[in-house]
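Using my numbering, you'd call the opening residue of the sequence shown number 4 and step up by one each time. Glycine included, every Cβ here is placed at the ideal spot set by N, Cα and C. As the structure is a prediction and not an experimental result, all values here were calculated from the model. One structure is given here, and the rest of the page talks about it.
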Amino acid sequence: MKLILRVFFFCIISTKLYSQTDATLDKVIYLDSNSVETTDENYKYIRVIKEYFSSNKKTYTVKDYYKSQKLQMIGTSSDRDILKEEGPFVYYYENGNKESAVSYSKTKKTGKEFNWYEDGNSKSELEYFRKKDEVLFKVNSFWNPEKEQTVINGNGHLKEVNEEVEQSGKIKNGLPYGIWKGKSIETQCTFTENYENGKLISGVSIDSLNIGHHYKIIFQEAVPKSGMQSFYRSISQNMDLPENNICGSMYIYFIINKEGTLTELRVLKGLSTVLNERAIATIISAGKWNPRLIRGIPAQGSYSIPITIVKNNQ
């Protein structure tokens, strides 16, 4: 037996769940506010994975529901255990109006995305494109809540307020331009940023203690203090495997707090009790992390790591 790591870190996106199905091939799971599986006593959403117990399927239709049994999302996943978006997705407000519509390719957004306000009025048209290894987007159109179109054919002024940020600035050729100002909801900081042709040249955020933080990257995900390669190697070398023929994929979820400490480790998909415990212990023993940074300020982040175990002759 040997351990093969196919490790892809990603923030656990707030995907949501609910269902009323008596189809024996479907699977219903309960999710908390972080989209992590929980009990039917503490859930916020419910997810239905259609034909979960069918074999030889390349994609699975996934439906998320609010507690009210209203549809929140419908799309397809290339993995039945972890949401890996593939193809068209539509998201809904609880009142039944569309919130957004976009397509994915290998979990990355592609093509055009359309967004609406909760009252059904148009909000924005975005368009995604690849630049080297990054997926970026430009703003083709934007409407404010008063139905005024403030960005036309990629040019104008954008002022947005959502659950994550309040921000405003100029849009030129679909990209941020010049000075942008705003406030981060999560870190409670104010910020000023300077853009040139969509590229962030410099930014400074002021935290709740009135301390300034300079940055050139808005979001920096958490990384092990020893480095990613060392972290991968540590798991591969130090995770003891039982002498049996257990093989397959497992998924471990954890939170990295502002201090870089791993907390709330849990198994999203396991192979056996012994392997589950050893995987968690090995990840903990790999050491502390540098925390996630939002505009230069430490912030808590949720992550998941898939670990694949195969036989020696595979």
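Own chain partners of residue i with C-beta closer than 6 Å, once the 5 adjacent residues on each side are dropped
i, result
"GLU224", "ARG295"
"GLU167", "ILE188"
"GLY114", "SER106"
"ASP82", "none"
"PHE145", "SER127, THR153, VAL154 and LEU161"
"THR64", "LYS53 and THR79"
Inter-residue Cα distance where the pair is residue i and residue j
i, j, result
"SER205", "ILE182", "10 Å"
"THR264", "ASN213", "25 Å"
"ASP25", "VAL164", "Low local confidence applies: a pLDDT of 49 at ASP25 is under 50, so the model's placement there is unreliable, with the coordinate-based value given in what follows. Looking at the two C-alpha atoms, the distance is approximately 40 Å."
"LYS19", "TYR68", "A caution first: LYS19 carries a pLDDT of 37, below 50, which makes its placement in the model too unreliable to give a value."
"LYS111", "ASN124", "26 Å"
"LEU268", "ILE283", "7 Å"
"GLY290", "SER237", "10 Å"
"TYR33", "ASN200", "43 Å"
"GLU169", "TYR235", "37 Å"
"ASP136", "MET242", "31 Å"
"PRO227", "LYS184", "31 Å"
"LYS173", "TYR180", "5 Å"
"SER233", "SER239", "10 Å"
"MET231", "SER275", "26 Å"
"PHE92", "GLY78", "4 Å"
"GLU88", "ASN59", "18 Å"
"PRO309", "ASN156", "41 Å"
"ASN143", "SER252", "41 Å"
"GLY90", "LYS109", "9 Å"
"TRP292", "LYS66", "34 Å"
Continuous alpha helix (DSSP H) stretch holding residue i: start and end
i, result
"MET231", "231-241"
"ALA282", "276-288"
Closest residue to residue i among the options (Cα-Cα distance)
i, options, result
"LYS1", "LYS87, SER288, ASN45 and GLY299", "The question about residue 1 has no answer here: the residues shown for the chain are numbered 4 through 317."
"SER307", "ILE297, GLY273, VAL277 and VAL313", "GLY273"
"PHE257", "LYS126, TYR94 and ILE286", "ILE286"
"ASP43", "ASN37, LYS70 and LYS150", "LYS70"
"ASN118", "LYS111, LYS112 and LEU129", "LEU129"
"LEU244", "THR79, PHE140 and GLU280", "GLU280"
"HIS160", "GLU166, GLU151 and TYR107", "GLU151"
"THR195", "LYS202, HIS217 and LEU86", "HIS217"
"CYS250", "SER239, ILE312 and ALA282", "ILE312"
"VAL270", "LEU278, TYR254 and VAL277", "TYR254"
"GLY215", "LEU203, THR193, PRO227 and LYS202", "THR193"
"THR266", "SER288, THR276, VAL277 and SER275", "SER288"
"SER57", "THR27, ASN143, SER275 and MET231", "THR27"
Cβ distance (whole Å) where residue i is taken to contact residue j below 8 Å
i, j, result
"SER211", "GLN191", "5 Å"
"TYR131", "GLU116", "7 Å"
"GLN75", "TYR107", "About 17 Å separates the two Cβ atoms, so there is no contact after all."
"THR62", "SER80", "7 Å"
"ASP84", "GLU54", "In fact, because the Cβ distance is near 14 Å, the residues do not count as touching under 8 Å."
"GLY177", "LYS134", "Not confirmed; about 13 Å, so no contact."
Bounding residues of the beta strand (DSSP E) (the contiguous stretch that carries residue i)
i, result
"GLN72", "From DSSP, GLN72 is part of no beta strand (DSSP E); its letter is neither H nor E."
"ILE204", "202-209"
"VAL270", "265-272"
"ILE32", "30-34"
"PRO301", "300-302"
"CYS192", "192-199"
"PRO179", "178-187"
"THR62", "Per DSSP, THR62 belongs to no beta strand (DSSP E) and is neither H nor E."
"THR153", "152-155"
"PRO91", "90-95"
"ASN158", "158-164"
"ALA104", "101-108"
"ASN143", "137-146"
"THR27", "First-last for THR27: undefined, no H or E at that position."
"LYS126", "125-134"
"SER57", "Here SER57 belongs to no beta strand (DSSP E), and DSSP marks it neither H nor E."
"LEU296", "295-297"
"VAL168", "168-175"
"SER38", "Careful: SER38 lies outside any beta strand (DSSP E) and carries neither H nor E."
Beta-carbon proximity list for residue i, same chain, < 7 Å, skipping 5 on both sides
i, result
"TYR120", "LYS126 and PRO148"
"ASP35", "THR41, ASN45, TYR46 and LYS47"
"LYS175", "ASN158"
"PHE222", "ILE297"
"ASN98", "GLU121"
"TYR198", "PRO179, TYR180, GLY181, TRP183 and ILE204"
Contacting residues, own chain, Cβ-Cβ under 8 Å from residue i (five flanking each side not counted)
i, result
"GLY304", "CYS14, GLU224, ALA225, ILE258, ILE259, PRO294 and ARG295"
"TYR94", "GLN75, MET76, LYS101, GLU102, SER103 and ALA104"
"ALA302", "GLU189, THR190, LYS261, PRO294, ARG295 and LEU296"
"LEU139", "TYR131, PHE132, ARG133 and GLY201"
"LYS186", "VAL168, GLU169, GLN170, CYS192, THR193 and PHE194"
"SER229", "SER237, ALA289 and GLY290"
Cutoff 8 Å: residue i Cβ touching any chain D Cβ
i, result
"LYS115", "The chain labelled as chain D is not found in the depicted structure, where only one protein chain is given."
Distance cut-off 7 Å: residue i Cβ against heavy atoms of the ligand SAM
i, result
"ILE77", "Absence of the ligand SAM is noted for the structure shown, with no ligands found whatsoever."
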